[in-house]
Amino acid sequence: MSIGAHLIELRKRLMIAAAALIVGMIVAFAITSPVIEWITVPVREIAAQRGDNLSAINFTAVTSAFDLRMRIAFTIGIFLSAPIWLWQIWAFIMPGLTRKEIRYTIGFVASAVPLFFGGCYVGVLIVPHVIQLMWSFTPTGAANLYNAADYYDFVFKLMLVIGVAFVLPVFLVALNVAGVMSGRAILKGWRVAVLIATLFAALATPAADIVSMLMLAGILVVLFFAAAGVSMLFDRRKARRMAAEGLLGPTA
1 MSIGAHLIEL RKRLMIAAAA LIVGMIVAFA ITSPVIEWIT VPVREIAAQR GDNLSAINFT
61 AVTSAFDLRM RIAFTIGIFL SAPIWLWQIW AFIMPGLTRK EIRYTIGFVA SAVPLFFGGC
121 YVGVLIVPHV IQLMWSFTPT GAANLYNAAD YYDFVFKLML VIGVAFVLPV FLVALNVAGV
181 MSGRAILKGW RVAVLIATLF AALATPAADI VSMLMLAGIL VVLFFAAAGV SMLFDRRKAR
241 RMAAEGLLGP TA
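Mapping of the sequence shown onto UniProt numbering: position 169 corresponds to residue 169, and the numbering continues sequentially without gaps.
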């Protein structure tokens, strides 16, 4: 295909992806109420513990409630329309890939998507503990009036950051497959990986919430060692294949 034909193809697929996103947002807008109820459970529990109305979600502008629902609808719409826009991306780049590259790409996507949603789920488990812990520092008689937009940003960003962190081991395996790093080289960096995982967990969770920090750091460390193990298996298979082709001496 010529460059012009590629651009036309790209425009068509972008339009399909955008249409899918809009439809997903329309569907998601209808369920924003239960989503808001769900993410504000910790705040209502805090209010119940205090036995007063000094803890609540606040909308500080005329359009704040609508804006929050639109932001939630956009976020959920991205996930609802993911099968369509992911397929459009795949259909656009697939003709330029070899059969081997297609196989690897499918494997990476199949690994990354569950890990991302698993990370988001861990974020869901951590969020209430974080909010409860931060509330415990509020002086007696003071009010916790959470701005709705800021509160949603906090919940969403925490889930997103942890979800992305869970996907990072997949990129390590990708670097190994691409020949950038060997499995042994990845494994040798385990001390640095443990340090980074601990620092990330400490930043993503409150310093006083040791349980959440250790849980998150432990999961990240396990994923790192899993990525190193998979990379070493790939290296061994590659070495055996090259030895069979006479490119290397026999492997142990």
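Even glycine gets a Cβ: it sits at the ideal position worked out from N, Cα and C.
Bear in mind the structure is a predicted one, so any value in this text is a computation, not a measurement.
Integer-rounded CB distance, given that residue j should sit under 8 Å from residue i
{"i": "Val35", "j": "Ile72", "result": "5 Å"}
{"i": "Ile102", "j": "Met94", "result": "6 Å"}
{"i": "Phe74", "j": "Met25", "result": "6 Å"}
{"i": "Leu10", "j": "Phe92", "result": "6 Å"}
Proximity to residue i [Cα-Cα], best of the options
{"i": "Ser111", "options": "Phe92, Phe166, Ile162 and Met70", "result": "Phe166"}
{"i": "Ile76", "options": "Ser231, Val130 and Ile31", "result": "Ile31"}
{"i": "Asp153", "options": "Asp67, Leu133, Gln49 and Leu7", "result": "Asp67"}
{"i": "Arg237", "options": "Val177, Thr138 and Gly119", "result": "Val177"}
{"i": "Val194", "options": "Ala65, Ser182 and Leu214", "result": "Leu214"}
{"i": "Gly229", "options": "Leu172, Ile196, Val211 and Ile219", "result": "Leu172"}
{"i": "Trp38", "options": "Thr63, Gly24 and Leu125", "result": "Leu125"}
{"i": "Trp87", "options": "Thr140, Lys12 and Arg240", "result": "Lys12"}
{"i": "Ala201", "options": "Ala244, Ile219 and Val113", "result": "Ile219"}
{"i": "Gly51", "options": "Arg240, Thr140 and Ala243", "result": "Thr140"}
{"i": "Val164", "options": "Pro114, Arg99 and Ser33", "result": "Pro114"}
Own chain, CB closer than 7 Å to residue i, minus 5 neighbours either side, in chain order
{"i": "Pro83", "result": "none"}
{"i": "Thr198", "result": "Ala217"}
{"i": "Ala204", "result": "Leu158, Val161, Ile162 and Leu216"}
{"i": "Phe108", "result": "Val170 and Ala174"}
{"i": "Ile57", "result": "Thr40, Val43, Tyr146, Ala148 and Tyr151"}
{"i": "Gly118", "result": "Phe166"}
{"i": "Val27", "result": "Leu80"}
{"i": "Ala61", "result": "none"}
beta-carbon residue i near the ligand SAH non-hydrogen atom, thresh 7 Å
{"i": "Arg13", "result": "With respect to small molecules bound, the structure shown includes none, and the ligand SAH cannot be examined in it."}
Residues near residue i in its chain [Cβ-Cβ closer than 6 Å; skip 5 each side]
{"i": "Ser55", "result": "Val43, Ile46, Ala47 and Asn144"}
{"i": "Phe59", "result": "Ala65 and Ala148"}
{"i": "Ala252", "result": "Interpretation of Ala252 is limited by its pLDDT of 43, a score under 50 that renders its predicted location unreliable; the figure taken from the coordinates is listed afterwards. Excluding residues within five positions, none has a Cβ falling inside 6 Å."}
{"i": "Val122", "result": "Ile162"}
{"i": "Ser182", "result": "Asp235"}
{"i": "Ser231", "result": "Val173, Asn176, Gly183 and Ile186"}
{"i": "residue 294", "result": "The requested residue 294 is not part of the displayed model; the chain covers only 1 to 252."}
{"i": "Ala227", "result": "Pro169, Leu172 and Val173"}
{"i": "Phe29", "result": "Ala73"}
{"i": "Val120", "result": "The displayed chain sequence assigns Cys, not Val, to residue 120. Cβ neighbours of Cys120 beyond the five flanking positions: Met159 and Gly163."}
{"i": "Thr138", "result": "Asn144"}
Residue i at chain B interface by Cβ criterion, 8 Å
{"i": "Lys157", "result": "Looking for chain B here will not work: only one protein chain is present."}
Exercise for review: Report the residue ranges of all beta strand (DSSP E) runs contained in full by the stretch 87-161; include only those spanning at least 3 residues, in chain order.
Suggested key: Taking 3 residues as the shortest admissible run, the stretch 87-161 contains the following complete beta strand (DSSP E) segments, listed from N- to C-terminal end: 144-147.
Practice item. Would you list, in sequence order, the uninterrupted beta strand (DSSP E) runs of no fewer than 3 residues that lie entirely inside the stretch 38-71? Key: Unbroken beta strand (DSSP E) runs of no fewer than 3 residues, entirely contained in the stretch 38-71, are found at 55-58, following chain order.
Point to revise | Inter-stretch contact at 8 Å, needing at least 3 Cβ pairs: the stretch 211-226 / the stretch 168-175 | key: Counting C-beta pairs with one atom in each stretch, the stretch 211-226 and the stretch 168-175 have three or more that are closer than 8 Å, which means they touch.
Review point. Taking contact to mean at least 3 C-beta pairs separated by less than 8 Å, is the stretch 3-22 in contact with the stretch 79-95?
Key: Three or more Cβ pairs closer than 8 Å define a contact, and the stretch 3-22 meets that threshold against the stretch 79-95.
Check your understanding: For the 8 Å Cβ check, are there 3 or more pairs between the stretch 145-164 and the stretch 111-130?
Key -> Contact between the stretch 145-164 and the stretch 111-130 is present, because at least three Cβ pairs lie under 8 Å.
Review point. Counting only runs that start and end within the stretch 161-196, where is the alpha helix (DSSP H) found for 4 or more residues in a row?
Key: Taking 4 residues as the shortest admissible run, the stretch 161-196 contains the following complete alpha helix (DSSP H) segments, listed from N- to C-terminal end: 183-188.
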